[in-house]
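Step one of this worksheet: look at the structure below.
There are 2 protein chains.
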Amino acid sequence: MESQQKNVGILSMDIYFPPTCVDQEALEAHDGASKGKYTIGLGQDCMAFCTELEDVISMSLTVVKSLLKKYEINPRLIGRLEVGSETVIDKSKSIKTWLMQIFEEHGNTDIEGVDSTNACYGGTAALFNCVNWVESSSWDGRYGLVVCTDSAVYAEGPARPTGGAAAIAMLIGPNAPIAFESKFRGTHMAHVYDFYKPNLASEYPVVDGKLSQTCYLMALDSCYRRYCSKFEKLEGKQFSISDADYFAFHSPYNKLVQKSFARLYFNDFLRNASSVENDAIEKLEPFSSLSGDESYQSRDLEKVSQLVAKSLYGAKVQPSTLIPKQVGNMYTASLYAAFVSILHSNASTLEGKRVVMFSYGSGLSSTMFSFRFQEGQHPFSLSNIASVLDVSGKLESRHVFLPEKFVETLKLMEHRYGGKDFVTSSDTSLLAPGTFYLTKVDSMYQRYYAQKVGDTATCSAFFIHDNGSLLNGH
Amino acid sequence: MESQQKNVGILSMDIYFPPTCVDQEALEAHDGASKGKYTIGLGQDCMAFCTELEDVISMSLTVVKSLLKKYEINPRLIGRLEVGSETVIDKSKSIKTWLMQIFEEHGNTDIEGVDSTNACYGGTAALFNCVNWVESSSWDGRYGLVVCTDSAVYAEGPARPTGGAAAIAMLIGPNAPIAFESKFRGTHMAHVYDFYKPNLASEYPVVDGKLSQTCYLMALDSCYRRYCSKFEKLEGKQFSISDADYFAFHSPYNKLVQKSFARLYFNDFLRNASSVENDAIEKLEPFSSLSGDESYQSRDLEKVSQLVAKSLYGAKVQPSTLIPKQVGNMYTASLYAAFVSILHSNASTLEGKRVVMFSYGSGLSSTMFSFRFQEGQHPFSLSNIASVLDVSGKLESRHVFLPEKFVETLKLMEHRYGGKDFVTSSDTSLLAPGTFYLTKVDSMYQRYYAQKVGDTATCSAFFIHDNGSLLNGH
Numbered sequence: 002m003e004s005q006q007k008n009v010g011i012l013s014m015d016i017y018f019p020p021t022c023v024d025q026e027a028l029e030a031h032d033g034a035s036k037g038k039y040t041i042g043l044g045q046d047c048m049a050f051c052t053e054l055e056d057v058i059s060m061s062l063t064v065v066k067s068l069l070k071k072y073e074i075n076p077r078l079i080g081r082l083e084v085g086s087e088t089v090i091d092k093s094k095s096i097k098t099w100l101m102q103i104f105e106e107h108g109n110t111d112i113e114g115v116d117s118t119n120a121c122y123g124g125t126a127a128l129f130n131c132v133n134w135v136e137s138s139s140w141d142g143r144y145g146l147v148v149c150t151d152s153a154v155y156a157e158g159p160a161r162p163t164g165g166a167a168a169i170a171m172l173i174g175p176n177a178p179i180a181f182e183s184k185f186r187g188t189h190m191a192h193v194y195d196f197y198k199p200n201l202a203s204e205y206p207v208v209d210g211k212l213s214q215t216c217y218l219m220a221l222d223s224c225y226r227r228y229c230s231k232f233e234k235l236e237g238k239q240f241s242i243s244d245a246d247y248f249a250f251h252s253p254y255n256k257l258v259q260k261s262f263a264r265l266y267f268n269d270f271l272r273n274a275s276s277v278e279n280d281a282i283e284k285l286e287p288f289s290s291l292s293g294d295e296s297y298q299s300r301d302l303e304k305v306s307q308l309v310a311k312s313l314y315g316a317k318v319q320p321s322t323l324i325p326k327q328v329g330n331m332y333t334a335s336l337y338a339a340f341v342s343i344l345h346s347n348a349s350t351l352e353g354k355r356v357v358m359f360s361y362g363s364g365l366s367s368t369m370f371s372f373r374f375q376e377g378q379h380p381f382s383l384s385n386i387a388s389v390l391d392v393s394g395k396l397e398s399r400h401v402f403l404p405e406k407f408v409e410t411l412k413l414m415e416h417r418y419g420g421k422d423f424v425t426s427s428d429t430s431l432l433a434p435g436t437f438y439l440t441k442v443d444s445m446y447q448r449y450y451a452q453k454v455g456d457t458a459t460c461s462a463f464f465i466h467d468n469g470s471l472l473n474g475h
Numbered sequence: 002m003e004s005q006q007k008n009v010g011i012l013s014m015d016i017y018f019p020p021t022c023v024d025q026e027a028l029e030a031h032d033g034a035s036k037g038k039y040t041i042g043l044g045q046d047c048m049a050f051c052t053e054l055e056d057v058i059s060m061s062l063t064v065v066k067s068l069l070k071k072y073e074i075n076p077r078l079i080g081r082l083e084v085g086s087e088t089v090i091d092k093s094k095s096i097k098t099w100l101m102q103i104f105e106e107h108g109n110t111d112i113e114g115v116d117s118t119n120a121c122y123g124g125t126a127a128l129f130n131c132v133n134w135v136e137s138s139s140w141d142g143r144y145g146l147v148v149c150t151d152s153a154v155y156a157e158g159p160a161r162p163t164g165g166a167a168a169i170a171m172l173i174g175p176n177a178p179i180a181f182e183s184k185f186r187g188t189h190m191a192h193v194y195d196f197y198k199p200n201l202a203s204e205y206p207v208v209d210g211k212l213s214q215t216c217y218l219m220a221l222d223s224c225y226r227r228y229c230s231k232f233e234k235l236e237g238k239q240f241s242i243s244d245a246d247y248f249a250f251h252s253p254y255n256k257l258v259q260k261s262f263a264r265l266y267f268n269d270f271l272r273n274a275s276s277v278e279n280d281a282i283e284k285l286e287p288f289s290s291l292s293g294d295e296s297y298q299s300r301d302l303e304k305v306s307q308l309v310a311k312s313l314y315g316a317k318v319q320p321s322t323l324i325p326k327q328v329g330n331m332y333t334a335s336l337y338a339a340f341v342s343i344l345h346s347n348a349s350t351l352e353g354k355r356v357v358m359f360s361y362g363s364g365l366s367s368t369m370f371s372f373r374f375q376e377g378q379h380p381f382s383l384s385n386i387a388s389v390l391d392v393s394g395k396l397e398s399r400h401v402f403l404p405e406k407f408v409e410t411l412k413l414m415e416h417r418y419g420g421k422d423f424v425t426s427s428d429t430s431l432l433a434p435g436t437f438y439l440t441k442v443d444s445m446y447q448r449y450y451a452q453k454v455g456d457t458a459t460c461s462a463f464f465i466h467d468n469g470s471l472l473n474g475h
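As they're listed, the protein sequences go chains H and V. Throughout the first sequence, residue numbering follows our numbering, covering 2 to 475 in sequence. Throughout the second sequence, residue numbering follows our numbering, covering 2 to 475 in sequence.
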């Protein structure tokens with residue numbers, strides 16, 4: 002029943018997030034929120050956002066071009082390209098077709114795959130689709146490429162600080178340093194209205210924050226039970242959080258990640274797993290008889306379980322939280338940004354280790370799955386991936402905007418969303434060389450992008466350049 | 002390199018289209034178009050449309066419930082469910098999550114897959130994803146289920162008669178009577194603005210009809226060349242249209258299907274294929290030196306190639322045209338409705354035969370692929386599938402509306418699209434028992450559906466029933 006391709010998974014990755022961001026502490030003050038509401042209550046440090054120059058199409062052009070260049074991948078060697086996104090710029094034409102521009106220039110139009118959609122889960126669906134293709138009889142020996150790209154923006158109100166923006170690209174193939182453990186997988190899907198986007202003219206979602214958090218935790222429980230059950234069936238022993246070195250969660254805001262790991266710990270306690278120490282058993286005992294519903298509502302359980310799980314959280318989860326806390330919710334890219342954070346902080350010690358991933362998209366779709374690390378061969382080695390990702394460099398070169406400027410940008414974008422017949426400033430001073438940006442949308446809604454020219458050495462590897470005269474014309 | 006699952010493909014199918022339709026000849030007269038413009042110029046007979054009671058969610062609920070019931074499939078045996086659609090009711094929450102209601106009732110929430118999006122190609126993407134899953138190492142032995150669901154509506158003008166509506170469900174697994182020839186596949190993808198939906202508040206697309214037709218034919222050429230090349234590499238002999246018994250095309254309107262098959266014939270002529278007879282060679286010779294671009298624009302070539310391909314069209318294509326001509330463009334479902342038409346008309350003689358499929362979605366994505374038929378075991382036999390599909394019964398029981406009523410319905414739906422806080426008439430007199438329909442959209446945009454009760458024998462197999470009191474309350 003097995004495909005003969007071994008260790009199919011992620012060969013390489015790159016991440017892009019806008020260089021423009023707002024500080025959560027400053028936003029807190031600006032919004033008149035109580036001190037610590039965003040930084041401690043939500044657990045967030047900073048939030049990236051797109052100015053009028055960037056969107057999910059430009060970010061994905063940027064990250065795909067960057068990945069191909071940095072790993073020296075011939076665009077003709079891509080045989081499948083899948084995009085996960087919930088940021089709709091066009092309801093029919095896929096983001097994938099915009100990305101085809103990169104490949105058409107190299108004579109490659111033979112690339113399967115379109116866009117996968119379900120809230121923040123689309124990236125995981127795209128990843129599964131690409132991996133399955135490599136394992137299928139229709140695989141033609143070329144690479145798969147997965148792109149997660151989203152811009153998360155909210156109407157004024159309590160959800161606004163849970164925005165963010167990023168695009169992530171992942172190259173897929175056999176013999177990967179980040180290999181799927183395809184038999185261990187727990188999925189939970191259901192029909193709920195926790196977060197959705199029925200107001201088609203607006204970029205903002207309709208959110209029931211409390212319901213969404215409960216749905217997330219219920220889905221987590223269900224996926225974890227199924228993951229454990231499959232592990233136990235195949236490995237003949239119980240699974241507990243001790244069996245994974247790292248956990249990466251879909252991260253709408255860090256506080257929910259803290260709650261989620263505590264919830265897994267509580268699951269282990271209820272299952273009498275060896276991961277739970279004696280003093281923790283004592284502290285959790287009073288909650289053992291709670292019904293499922295009661296347990297999701299109990300603030301005491303939340304506090305106690307977070308407390309007893311704290312040191313394990315520091316070791317197994319903390320390394321994944323850097324980018325999600327600094328960039329914010331990246332929707333489909335959030336889970337993979339958490340994963341990138343682990344690669345960034347621990348690349349040299351990952352060999353042989355396991356990371357458990359939890360993907361959640363409202364509506365709802367969720368899956369728990371896992372990867373095993375192996376060092377891999379250059380350029381697809383963990384150390385090279387960490388170096389290419391250059392997370393510190395990207396975070397350090399950002400421009401922190403005042404909250405007023407952030408709010409003003411969102412106001413402008415409310416008018417621009419779904420609009421036509423406008424030009425952007427094309428002021429690329431804040432963008433890094435190689436970044437794509439929107440120059441105009443014409444009267445037929447057709448979108449025009451350019452790429453910021455870099456230094457000559459960098460430039461020669463890019464395929465599309467600024468048309469200087471056009472841009473200077475504005 | 003091969004998966005060990007053999008003959009993965011379509012085990013069973015069902016189709017649903019609204020019982021409400023408008024006659025193209027009557028619409029022609031109503032619109033003041035020249036006689037024959039829709040019926041001969043477009044080649045269409047009739048067009049189905051959704052009234053206020055139906056939409057892509059209700060149609061997909063109807064067809065999935067119907068397939069499970071008619072083939073007696075336990076909902077717990079579905080392990081993956083993928084939806085292809087370009088009709089956006091919510092930009093984040095997938096149609097798949099609405100369908101989860103059917104499975105949640107049976108305790109099955111462990112179903113992978115979300116929605117695939119790129120114009121009319123989403124259904125093919127969903128189908129490929131499901132088939133690859135069955136061939137992958139993460140397959141758990143259960144069935145895949147693919148749903149194509151769309152409602153095609155256009156603003157007043159020349160494109161309006163090219164609408165339609167339908168939902169198709171396909172059960173996927175190994176040892177299928179309709180098995181993929183996975184190694185023969187030609188794909189062509191590119192970035193174009195031939196048809197797109199950038200006006201998010203409107204259900205109507207932006208269409209460049211002439212460009213879209215040229216893009217379609219160019220994509221067809223490219224896919225056919227790649228399909229032939231793969232065939233020849235693996236089989237060691239040239240492929241020509243003689244090697245396929247049937248062709249099914251994505252069918253926006255029948256005239257384009259006629260042109261498409263003639264185009265394949267012209268390709269065979271240029272490749273000196275054995276399928277082209279001597280008198281045809283003589284007639285096509287004057288066009289042999291046209292450039293690609295010239296050949297797409299030449300009306301003479303179009304006429305001559307259609308003429309010389311006419312008898313082959315009758316044998317290999319005509320059987321696929323019934324439903325597309327009667328129901329109209331069904332977007333993601335169109336190609337599979339063409340395929341269903343072949344099953345309907347020729348089920349008893351398909352054993353061992355090959356059908357070549359051409360899927361096209363604007364923007365653009367396209368693939369040519371093929372199936373081989375084998376009779377299969379009941380209930381997954383070609384004869385049973387044809388009987389379950391009951392195409393004649395469904396076509397005959399339709400209600401033909403006057404064009405005025407059709408136009409009035411579209412006007413109402415322009416206001417309803419993306420709207421909230423309304424109830425429908427819930428007048429289900431025209432719907433068949435078992436059909437799902439929209440009852441209301443509340444102030445939070447949440448949508449409520451009910452199922453029309455059938456006779457008792459039918460009813461017992463359904464899982465969700467009308468709440469009579471609720472419905473009578475309006």
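For glycine and all other residues, C-beta sits at the position ideal for the given N, C-alpha and C. Quick caveat: nothing in here was measured; it's all calculated off a predicted structure.
V/Tyr266 has its alpha-carbon roughly 52 Å from the corresponding atom of H/Leu383.
Counting along the chain, V/Asp301 sits inside no beta strand (DSSP E); it lies in the alpha helix (DSSP H) bounded by residues Arg300 to Val309. Secondary structure in the region 232-267 of chain V: the beta strand (DSSP E) runs of 3 residues or longer, each lying completely within the stretch, are 247-250 in chain order. Annotation for H/Lys317: Ile242, Ala245, Asp246, Tyr247, Phe248 and Phe262 place their beta carbon closer than 8 Å to its own, counting only its chain and skipping 5 residues before and after.
At a cut-off of 4 residues, the continuous stretches assigned as alpha helix (DSSP H) that sit fully inside the region 363-411 of chain H are 383-390 and 392-397. For V/Arg417, no CB of chain H lies under 8 Å from its own CB, so it is not counted at the interface with that chain.
The beta-carbon of V/Thr110 is placed less than 8 Å from the nearest beta-carbon of chain H. Annotation for V/Pro175: Gln6, Lys7, Asn8, Val9 and Val135 place their beta carbon closer than 8 Å to its own, counting only its chain and skipping 5 residues before and after. Cβ-Cβ distances below 7 Å link V/Gly419 to Ala202 in the same chain, with the five nearest sequence neighbours on each side left out; the list follows chain order.
Contact note: H/Val207 reaches chain V through Met445 and Tyr446, using a C-beta cutoff of 8 Å and chain order. Residues of the region 115-137 of chain H with a Cβ closer than 8 Å to any Cβ of chain V, in chain order: Val115, Asp116, Ser117, Thr118, Asn119, Ala120, Tyr122, Gly123, Ala126, Phe129, Asn130, Val132, Asn133, Trp134, Glu136 and Ser137. Judged by pairs of C-beta atoms under 8 Å, the region 203-216 of chain V does not touch the region 103-120 of chain H, as fewer than three such pairs exist. When rounded, the separation of the alpha-carbon atoms in H/Gly394 and H/Tyr17 is 12 Å. The beta carbon of V/Ser13 sits no closer than 8 Å to any beta carbon of chain H. Judged by their CB atoms, V/Leu365 and V/Val207 are not nearer to each other than the 8 Å cut-off. Residues of chain H whose Cβ lies closer than 8 Å to the Cβ of V/His189 are, in chain order, Thr110 and Asp111. Between the C-alpha atoms of H/Asp391 and H/Ile74 there is a straight-line separation of about 19 Å. For the region 197-224 of chain V, the residues whose beta carbon sits under 7 Å from a beta carbon of chain H are, in order, Tyr197, Lys198, Pro199, Asn200, Leu201, Ala202, Pro206, Val207 and Ser223. V/Thr436 is a Cβ neighbour of V/Lys453, given a cutoff of 8 Å. Exposure of V/Ala30 is indicated by the presence of fewer than 16 other C-beta atoms within 10 angstroms of its C-beta. For the 8 Å CB-CB criterion, V/Asn200 and V/Leu43 do not form a contact. Contact between the region 146-165 of chain V and the region 83-102 of chain V is present: 3 or more CB-CB pairs across the two stretches fall below 8 Å. Annotated three-state conformation of V/Ala451 is strand, per DSSP. The C-alpha of V/Val356 is placed about 38 Å away from the C-alpha of H/Tyr446.
A straight line joining the alpha-carbon of H/Val154 with that of V/Leu12 spans about 43 Å. The beta carbons of V/Ala339 and V/Thr322 sit closer together than 8 Å. Restricting attention to H/Asp428, H/Ala451 and H/Phe423, the CA atom closest to the CA of H/Asp443 is found in H/Phe423. Under the three-pair Cβ rule at 8 Å, the region 89-107 of chain H does not count as touching the region 325-344 of chain H.
Contact of V/His107 with chain H is not assigned, every C-beta pair being separated by 8 Å or more.
A direct Cα-Cα distance of roughly 22 Å separates H/Glu53 from V/Tyr197. For H/Met101, the neighbours in chain V by C-beta distance under 8 Å run, in chain order, Met190, Ala191 and His192.
Relative to the Cα of H/Tyr122, the nearest Cα in the group V/Asp116, V/Gly315 and V/Thr125 belongs to V/Asp116. Secondary structure note for H/His31: its alpha helix (DSSP H) is the uninterrupted segment Gln25 to Asp32.
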